[in-house]
Every structure is written in C-alpha cells, then in structure tokens.
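Chains as they are written, first to last, in the working numbering: chain A, 1 to 211; chain B, 212 to 400.
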C-alpha cells in the first residue's frame, strides 16, 4: 500500500496530545493503523509531550498525597498475551472497537453505515461505499470532513485518494469527488456539520439527502 | 524555556520503573511519584481540570505506572513519554465517563509495525537529546504555541485571546510550529 495523503502534523500532534475529539480521532486512528510513517510522527509528538512534562513547573500536592498512594499500592499486572486485534468483521483498529450499524442505501450507487460515537463537536462518523464510477454532486461542508480510504479510490481537485490515504478537508473546501471506475470506494468519514450541495439541482435534491 | 538538569531525572525514571517491575521497589515508586505526580497535576490544571481532580488523576496515573511497570519498554519510548500517554488516556477516560479509552491502545504507545531494525534504533539518551534539541531549535514564539496548543490542549480561540492575535494567525502558527517540530524530530524509532 503506498499512501500519498496524510493527516497534517497539527492533527497528528492533537491526536498524540489527546485533544482531538473522539469522532475525528477514529478516522485518524484508522489511518495510523495503516501508516507506519504517521505512527512514527505520533510517537515523536508523544516524546515531545514527555519532555514538556519533565519541564513543566510542578504544582504542589496536598498533604499526605504520597502516603495515600503508597497505601494504595497492590500487586503488579502480569504481562498478558496480546489480544488479537481487528477481529470484528475485519475493520481496522480503532474502528473495530466501536458499534457499527447496517449498510443502507442513501442514493444511487452509494451506501452508508453509521459508526456509534458520541460527539460534542457535532461530528458524525460513518462508512461510505460507492459503486465504481459514481460521481458525487459538487458540495461543500459547514465544518470539517475527514476521510480515510479503505478500498478502491476517489479523485477530486487535490488528487487521487487510494487505500490508506487521508483527506483532511476543512469548511473552505468545495469539491466534487469521482469514485474509481474499476474498484469503487469504501471509506470512513468524520463529518462536522452537514453537506451543502451546490448548483440548482443540488439545492433541489438537498432536502432528500440524508448526509 | 528548557531548564537544564531535568534530563537526569528523566533518565532515572526508566531505572525506577524497571526497579518496580523487577522487585516492586517502593522507594523507586516514591522517587517517581515525587517527580511526576506534581508535574502531571500541573499539566492537568493547565488543561482546565480543577486542582482536586488533577491531583486525583495524577495519583491514578502513578498507580497505573506501578501496576503496568512490566509493560514499559525503554526501547520503544522514554519513561516521560510513557507516563505522558498514561495520563493522557486516563484524562480522556475520565472526561468521557468511560473506564477504557477505545481510541488508544490502553497504556501502550501506538505499536510499531513488526520488529525494529536494531541498527537504526536510537538509544534512549539519543532520543531524549533529539527531542530537547528540536525544542531548542524552535523560536520563542513557536515554543509558546507548542505549549499552549499541544501540551495545555487549548483551543485556537482560547490561544487567540491569550496572545491577543487574530484566530487565523493562531491557526497558521499552530500548523507551522507543529510541522517544524515534526521536521526537527525526524524519525525517533
């Protein structure tokens, strides 16, 4: 798998620091499970977190804090054999740890499958499966739209996105993706806000489109 | 902004964790606690936690370090980074009212793929040196952005207010600072 498009460094850093919201974190996490280069970047940011922790001005603990901790010390965990990952229907980690709904048709050639994750940032996570050659209507978003491709590919103005590729579109992006003519496309999407279809036709069908 | 002399404590930390794993060394735990618990509390209060909640989580982080000591792998991560990720995961669990974060492999760094190439692997000291050198290479302004955005986890809007800058400037500054840092860090595996 040759991955061309990656999350931005700021996004990988936010993942490493634990400040990225869970919904978008799933899409980044799936990319990480497929991309050694970005795992290495997250690791580097975690090391940075460690260095900054070493260096932060300490804040005094309440009296007796150490004694309370010492009193709570129990037996150590014994290293358990690693649990095989990705058993749940071949979905990559961390997606396999979440409940995923059934596939549903949402339009010609396009199926949709929701991922159950609460979001206080108004982000919805779902899988999309589009038939070969599907042209998605030109649209823009009211928030960010982050996508990680599992299988097949799609193409828009910023290039071709194949298996493992990550597309980090913000609210300023307006695009009309075309799905690979041979293999179709299966991807995971974290969508903030909703999609606004462009053009008279788009505005006409907007009320009937669910995403 | 980096004070000298902290590196030494960081290097001891790996020995302390090993002493816990090998012989449940309570003195090593006390040393680790004295160094890290007040720092984790500081990090969490900067991330907006009330003092008592921050102290609770600092306690829980160190107790987890004790329990999971055998899982620590100094070839994979520094002690400080390992402790940082434990505190990070516990904070997320607490915020979500969940007892286990699904986003991160619990108490592990993102796993490397297959065995590492021992010839290209950095020693713990080299890795630590590289991170500190990278932070020193950043401009004062970039270090501030890394601290506020990355370490303290503040939202862009929050940073804009603090630094009295337009939101767009903050966004591009964060983007540039993290890209530069990544570039300076290179591959730490």
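C-beta: ideal position from N, C-alpha, C; glycine also.
Because the structure is a prediction, the values reported are computed rather than measured.
- In the displayed model, residue 106 of chain A falls within a strand according to three-state DSSP.
- In the structure shown, residue 246 of chain B adopts helical secondary structure according to DSSP, grouped into three states.
- The beta-carbon distance between residue 230 of chain B and residue 236 of chain B, rounded to whole angstroms, is 4 angstroms. This is short enough to meet the 8 angstroms contact definition.
- Taking the C-beta atoms as reference points, residue 291 of chain B is found no nearer than 8 angstroms to residue 60 of chain A.
- Within the same chain, Cβ atoms closer than 7 angstroms to the Cβ of residue 28 of chain A are found at 7, 11, 15 and 20, the five residues on either side in sequence being excluded.
- The shortest CA-to-CA distance from residue 68 of chain A to any of B:280, B:284, B:267 and B:281 is the one to B:267.
- Under the three-pair Cβ rule at 8 angstroms, the region 127-135 of chain A counts as touching the region 96-114 of chain A.
- Nearest CB-CB separation between residue 34 of chain A and chain B: not below the 8 angstroms threshold.
- Annotation: the continuous beta strand (DSSP E) that includes residue 167 of chain A extends over 166-169.
- Inter-residue distance for residue 4 of chain A and residue 165 of chain A is about 6 angstroms (C-alpha atoms, whole angstroms).
- Taking a contact as a CB-CB distance under 8 angstroms, the pair residue 359 of chain B and residue 94 of chain A does not count as one, their CB atoms being some 27 angstroms apart.
- Taking the Cα of residue 183 of chain A as reference, the smallest distance to any Cα among A:176, A:96, A:189 and A:150 is reached at A:150.
- Under the Cβ criterion of 8 angstroms, residue 277 of chain B is counted among the residues facing chain A.
- Residue 124 of chain A is positioned such that its CB atom lies no closer than 8 angstroms to that of residue 196 of chain A.
- Proximity of chain A to residue 283 of chain B at the Cβ level (cut-off 9 angstroms) is not reached, the minimal Cβ distance being about 11 angstroms.
- By the CB criterion at 8 angstroms, residue 344 of chain B and residue 392 of chain B fall outside the cutoff.
- For residue 371 of chain B, there are no neighbours in chain A by C-beta distance under 7 angstroms, as the nearest C-beta there is about 15 angstroms away.
- A direct Cα-Cα distance of roughly 12 angstroms separates residue 54 of chain A from residue 362 of chain B.
- Taken in chain order, the whole beta strand (DSSP E) runs of length 3 or more contained in the region 250-278 of chain B number zero.
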